[in-house]
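If you count the sequence shown from 1, position 494 lands on 854 in this note's numbering, and the numbers rise without skipping.
Idealized CB from N, CA, C, for every residue including glycine.
Quick caveat, the model's predicted, so the values are computed rather than measured.
Okay, structure first, notes after.
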Amino acid sequence: MSERHGSLSINSENIFPIIKKWLYSDHDIFFRELISNGCDAITKLKKLEMMGEYTFPEDHKNRIQVLVNPEEKTLKFIDTGLGMDADEVEEYINQIAFSGATDFLAKYKDKTNEDQIIGHFGLGFYSAFMVADEVHIDTLSYKEGAVPVHWECDGGTEFSMTDGNRTEVGTTITLFLNEESVEFANEYRAREVIQKYCSFMPTEIFLSKEGEEAKEDEEPTSLSDTAPLWTKHPNECEKEQYLEFYRKVFHDYKEPLFWIHLNMDYPFNLKGILYFPKINTEYDSIEGTIKLYNNQVFIADNIKEVIPEFLMLLKGVIDCPDLPLNVSRSALQNDGFVKKISDYITKKVADRLSGMCKTQRDDYEKYWDDINPFIKFGCIKDEKFSNKMMDYILYKDLDGKYLTLKDLLPEAPETEVVEDGKEEKKTETIFYVTDEIQQSQYINMFRAEGKNAVILRHNIDSAFVTHVERASESVHFQRIDADLTDDFKENVTEEEMKETTDALTELFRKALDNENLLVKVEKLKNEEVSSMVTLSEESRRMQEMMRMYGMPGMDPSMFGGDETLVLNANNKLVQYVLENKDGENTNLFCEQLYDLAMISHKPLSPEAMTKFIARSNQIMMLLAK
């Protein structure tokens, strides 16, 4: 072949700005493109060999070799694939931009499957120009009598093509790195990137420094696991294999709780493993990683179109060769097919969890405290998932027993109350606790009356109970310190308590220097309880929402009032205060009763806690006199 020169573009606008600015956002991704092109070339040659159209030489090994040369600032990618002849180089390398950039985009951006040019030499190759000033190709086709080809381009619009000197079937791509990208010629940096993108490619990948002799006693180690665990049938996998894979991929040495192995061939091909990690919510952020692969080629982490949002809290891998990718192989096409894949993943997770609750209840309960944030988040975000899981949501009561919503509600069917000709569904209240220590006074009162409550201590629970109330109009959740039910009080009218309430309200407002203080006086059955604070469920949820959305300056009283101080008229301390309005230490006792009530409701501010401690010491000194 005589030396040939040509242009890669017939327009002033050429392909390289598109490659650099539109298709690829990560400059290290050229490793993935060049190595996966080599893997594809090897796979195709294997198929030809199986069909009898080619015979591998003796001692042939299919592999990808990556050579770094920091001195020369070069990278070489060498494969043993089917290679190219001059016509194929012309077609796959030169012709790709003949129509100009605009026509190129129109032609290829929506192509998938058979029409997709990624997967053989073409667009992926051009990612090399993101990091290289000059690129060379040396290739020899598997075809009998083929002549080796040498191709080179300096990253502009001109190329040259001549006969080459390669003697083995396959392709070598040499990158002469630009000054901004010389880091990739470092062996450790190259290893890091290959492990990021190519850890599970179907061909062995070896990395070495060019010119460096391998040690005789050292067997080179492939950077690629060619048969990852997700490609196997679940029946073939042992527990230790799942754990080892988890440690290897996610570098997390805490054992996951359990996992779901996805294995589907119809109506689309999807395999993967989803792990439910054990999370220490005090120290760990609830943030997972789902790695998405296409035929063992890494695509990206946490692609929302494929993976339901709530499952991104998990850790796992999903491999779906049927994913409709754009030509950069880095993003998804808008396709209804993607939604079907997402729905399937959601369904499989719901089936696994509900099945575990039915047949492995002990294990399910053991995992529940760790997995419930994932499940509750999923219910809030996905209606179909919520419908499947609502009967399998567990609520832990004060005795540590796990109950479903049906267990918590009366067995009798919902009754209808007729009032003034209007029909209303009966609503059942489920009381809950968010902090067993903080709310211990209220818990003790509940236990004394033989009442139960559930523990909801996670920050997602506030949103979740609202979701449950919307899904089931007959259920209402209320924190145990939201109000005092009639079970805790003696049966007295407001008129009977009016004089006492007015007197104590005036006394406490003056002592606390708070004219807006809300005071309520009740005769509680438990005489030991002196004071409490209540906050309506509606006000609390509104306050939580304001904190969530960063609105701390808004007045909570706009939405149903602030905390109410409840004083027990049957308590001797409260009686003492009432009887000694002008006493020397009455204000002191009022302040102490208020702080004691607040402590059982929520943490005191630093200033309030300092005053409380000083006042407690003062009161003890009075007793010591």
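For residue i: DSSP bridge partner residues
i	result
alanine 492	Leu537
cysteine 513	Val495 and Phe519
threonine 649	Lys675
leucine 500	Gly530
alanine 660	Leu652
tryptophan 619	Tyr635
methionine 892	Val926
glutamate 564	Arg423
aspartate 955	In the DSSP output, where bridge partners are listed per residue, aspartate 955 has none listed.
threonine 978	Rather than threonine, the amino acid found at residue 978 in this sequence is glutamine. None; glutamine 978 has no bridge partner.
lysine 569	Val428
valine 881	Leu927
glutamine 838	Phe791
methionine 624	Leu630
lysine 849	Leu884
phenylalanine 437	Val426 and Ile533
leucine 763	Tyr755
valine 814	Asp757 and Tyr792
histidine 365	Ser520
Sequence-distant residues of its chain with Cβ nearer than 7 Å to residue i (five each side left out)
i	result
methionine 981	none
serine 822	Arg901 and Glu904
glycine 479	With a pLDDT of 35 at glycine 479, under the threshold of 50, the predicted position of this residue should be treated as unreliable, though the coordinate-derived value follows. Closer than 7 Å at Cβ, skipping near neighbours: Asp400.
tyrosine 414	Leu405, Leu408 and Tyr502
threonine 649	Phe610, Asp661, Asn662 and Lys675
isoleucine 402	Asn422, Asp439, Thr440, Gly441 and Thr563
phenylalanine 416	Glu409
alanine 545	Val428, Asn429, Pro430, Lys433, Thr434, Leu435 and Leu537
threonine 794	Leu816, Arg817 and Arg839
lysine 708	Ile620 and Leu622
lysine 748	Ala710 and Ser714
Same chain only: Cβ atoms within 8 Å of residue i, ignoring 5 sequence neighbours per side
i	result
leucine 864	Val879, Val881, Leu927, Val934, Val937 and Leu938
serine 746	Gly738, Cys739, Ile740, His827 and Ala831
lysine 932	Glu887
threonine 706	Pro668, Leu671, Gly738, Asp742, Lys744 and Phe745
glycine 571	Asn429
Anticipated Cβ contact below 8 Å, residue i with residue j, distance rounded
i	j	result
tyrosine 557	phenylalanine 391	6 Å
tyrosine 606	tyrosine 626	With 8 Å as the limit, tyrosine 606 and tyrosine 626 do not qualify as a contact, their Cβ atoms being about 28 Å apart.
lysine 883	lysine 858	The Cβ separation is near 13 Å, so there is no contact.
proline 588	glutamine 656	7 Å
serine 960	glutamine 798	7 Å
aspartate 757	leucine 763	6 Å
aspartate 847	lysine 811	7 Å
Closest residue to residue i among the options (Cα-Cα distance)
i	options	result
glycine 632	Val666, Asp612, His611 and Glu615	Val666
lysine 664	Phe824, Ser976, Glu363 and Ser702	Ser702
leucine 671	Tyr626, Asp388 and Ile620	Ile620
alanine 813	Arg526, Asp759, Glu856 and Ser568	Asp759
valine 677	Leu622, Glu543 and Glu564	Leu622
arginine 423	Gly441, Lys433, Phe416 and Glu431	Gly441
leucine 603	Asp612, Asn595 and Glu596	Asp612
lysine 638	Thr787, Lys726, Arg526 and Met521	Lys726
threonine 787	Leu769, Gln799 and Ile797	Leu769
glutamine 720	Tyr752, Gly696 and Ser890	Tyr752
glutamate 448	Asn655, Leu500 and Gly412	Leu500
asparagine 732	Asp795, Asn945 and Phe824	Phe824
isoleucine 453	Ala492, Val426, Glu432 and Phe519	Phe519
glutamate 547	Thr531, Asn429 and Lys811	Asn429
glutamate 923	Ser891, Glu363, Asp942 and Lys599	Ser891
glycine 530	Met561, Asp445 and Gln555	Asp445
lysine 569	Gln425, Lys766, Tyr792 and His818	Gln425
serine 396	Met490, Val542, Ile565 and Ala506	Ile565
leucine 867	Ser800, Glu829, Asn940 and Ala506	Asn940
serine 976	Tyr954, Thr789 and Pro580	Tyr954
glutamate 897	Ser834, Leu844 and Ile533	Leu844
glutamine 978	Asn945, Glu543, His836 and Pro966	Asn945
alanine 506	Thr527, Glu512 and Glu967	Thr527
isoleucine 533	Phe485, Val542 and Met521	Phe485
Nonlocal neighbours in the same chain, by C-beta distance under 6 Å from residue i, ignoring five residues either side
i	result
glycine 524	Asp498, Pro508, Val509 and His510
glutamate 494	Asp514 and Phe536
phenylalanine 628	Asp682
tyrosine 332	Residue 332 cannot be examined here, being either before or after the span of the chain that is shown, 361 to 985.
leucine 895	Glu923
threonine 789	His836 and Gln838
Heavy atom of the ligand HEM within 7 Å of residue i beta-carbon
i	result
glutamate 393	In the structure on display, the ligand HEM does not appear, and there are no ligands present to speak of.
Check your understanding: Within the chosen definition, does the region 940-950 reach the region 865-874 through at least 3 CB pairs nearer than 8 Å?
Key -> yes
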